[in-house]
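So the sequence shown is numbered by this note's numbering: it starts at 120 and just counts up by one. Just so it is clear, CB atoms sit at the ideal spot from N, CA and C, and this is done for glycine as well.
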Amino acid sequence: MLAPPLRLVSAEDERRHARTMQQLAAEAKKKAEHLAAKAFSDKQYRLKEPGLPTIPTTATAGLTPS
């Protein structure tokens, strides 16, 4: 069985693909930064409010309160 002919990609297609990948990367970075800021904000809120369950961090995970 013969393989289909190779399709050459134009320079414009390459540029379009690069722009799309840059846009996707920028959106992913923005979302990651937003989620990190939200997690930090939630943690700060829990630290300030007495009585709320605390979120264990790597510094306190596995340690018993004294």
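With a CB to CB cut of under 7 Å and the five nearest residues on each side skipped, what residues in its chain are close to residue i?
i, result
"A122", "none"
"R135", "none"
Whose C-beta lies closer than 8 Å to the C-beta of residue i among residues of the same chain, with five residues either side of it excluded?
i, result
"A147", "none"
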